[in-house]
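These notes are about the structure you will find just below.
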Amino acid sequence: MDSSRWEEITLRPGDIVISTPAKCGTTWTQMICALLIFQRPDLPAPLDELSLWVDLLTRPRGEVRAIYESQTHRRFFKTHTPPDGLPWHDQVTYLCMGRDPRDVAISWDHHLSNSNIDLMMAMRDQVAAVDGLAPDVAEAPLPPPPPEDPAERFWGWIDDPTPGLTLAGLVAHVAAFWRLRQHPNVILLHYDDLQTDLAAQMRLLASRLDIEVPEDRWPELVEAARFSSMKRRAADVAPEHQVWHDPAAFFHSGTSGQWRELLDDAGLRRYQARVAELADPELRSWLHRRP
2 MDSSRWEEIT
12 LRPGDIVIST
22 PAKCGTTWTQ
32 MICALLIFQR
42 PDLPAPLDEL
52 SLWVDLLTRP
62 RGEVRAIYES
72 QTHRRFFKTH
82 TPPDGLPWHD
92 QVTYLCMGRD
102 PRDVAISWDH
112 HLSNSNIDLM
122 MAMRDQVAAV
132 DGLAPDVAEA
142 PLPPPPPEDP
152 AERFWGWIDD
162 PTPGLTLAGL
172 VAHVAAFWRL
182 RQHPNVILLH
192 YDDLQTDLAA
202 QMRLLASRLD
212 IEVPEDRWPE
222 LVEAARFSSM
232 KRRAADVAPE
242 HQVWHDPAAF
252 FHSGTSGQWR
262 ELLDDAGLRR
272 YQARVAELAD
282 PELRSWLHRR
292 P
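Residue numbers (our numbering): 2 to 292.
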């Protein structure tokens, strides 16, 4: 990813920036925003053509900029860049979703197993050459093969001290929005709240975004935002669908608590000690809460 691409983007009043850690409901949030903006379940284009991932090296930065500049509807951007790397404007809404990191670890594991890494690297190298980043990309190491043991993969993600696509990166990202959560243009959501009462959360988000939805349209919009509906429409909803072995598997289960099959009491204590190194008690309680 290349967060400097945000330098190419000129934000407009009313824009929505969806900035979440990976596997915390980014695509879900994008879909909900699309449904609220267009107010119909059949979107006018595939989701990742309406809401491009700004930082990802799968399209040249000039193409990303041109597509966003051509859009006349209310724009909604996808990014995994935390707020300190984003342009900040009071008339732009910034959306972040948090999720129990243990569930994220399980989801991330399935995500990697469904990824065509060779194709992703080829796309990255091609786009980086167009963007003039080839030397930087050549020095970037390829991800090592994952361990065969799922527990080892879980703890590798938990204990990795580097920022980015790790527990440390997730906590730092959400913590940055946690500190900003009282700002009127910041919305902090929790994945489990959407699981518990999707309709209520969509109405709340519409209110915060100042979007009026006719009452008779709500049922079909909520149905289109359900995880099962998105899975059925994976070809139009999954991001960069060509890089997945199975686009429908991008939407693996959307459930919480699968980590219980992996962690015994000792593992849970180890996990809690690790999270305590990264987050204060209030944020830890919020991340791990149940609705």
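We put the beta carbon where it would ideally sit given N, CA and C, even for glycine.
Ranked by how close their Cα comes to the Cα of A277, the residues L36, P102 and V55 have P102 in first place. The C-beta separation of C97 from S4 comes to about 16 angstroms, leaving the pair out of contact by the 8 angstroms criterion. Of D237, L195, I212 and R209, the smallest CA-CA separation from V223 is found for L195. Measuring C-alpha to C-alpha distances from L264 to each of W29, D104, T28 and G86 identifies D104 as the nearest. Counting only residues of its own chain and dropping the five nearest sequence neighbours on each side, V175 has a CB closer than 6 angstroms to the CB of G99. Between the C-alpha atoms of R261 and P162 there is a straight-line separation of about 23 angstroms. Judged by beta-carbon spacing, D211 lies beyond the 9 angstroms limit of H90, meaning their Cβ atoms are not closer than that value. M231 places its beta carbon 9 angstroms or farther from that of L37.
When DSSP assignments are scanned along the stretch 43-109, the uninterrupted stretches of beta strand (DSSP E) that are 3 or more residues long and fall wholly within it turn out to be 77-80 and 94-99. Only residues of its own chain outside the window of five on either side were considered, and among them P83, P164 and L279 have a CB closer than 8 angstroms to the CB of A173, listed in chain order.
CA-CA distance, A46 to R234, rounds to 12 angstroms.
Residue environment for S229: exposed (fewer than 16 other C-beta atoms within 10 angstroms of its C-beta). In the three-state reduction of the DSSP assignment, L189 falls in the strand class. Closest in alpha carbon position to R291, among D193, D56 and E149, is D193. Within the same chain, L96 and R209 come within 6 angstroms of I188 by CB-CB distance, once the 5 residues on both sides are set aside. DSSP places V18 in the uninterrupted beta strand (DSSP E) bounded by I17 to S20. Going by beta carbons, D110 and R62 fall outside the 9 angstroms limit. By the beta-carbon neighbour count (other beta carbons within 10 angstroms, threshold 16), G258 is exposed. The continuous alpha helix (DSSP H) containing C34 extends over residues T27 to F39. Straight-line measurement puts the Cα of W7 at about 7 angstroms from the Cα of L87. With respect to the 9 angstroms criterion, L199 and R218 are not classified as neighbours on the basis of their beta carbons. Considered as a whole, the stretch 138-223 harbours 187-191 as its complete beta strand (DSSP E) runs of no fewer than 3 residues, in chain order. Going by C-alpha positions, E70 is about 23 angstroms away from D43. For L264, the three-state secondary structure derived from DSSP is coil. Per DSSP, reduced to three states, the secondary structure at S257 is coil, with no helix or strand assignment. Contact between P148 and G157 is confirmed by a C-beta separation of about 7 angstroms, below the 8 angstroms threshold. Scanning M122, R275, T80 and D150 for the CA closest to the CA of T30 turns up T80.
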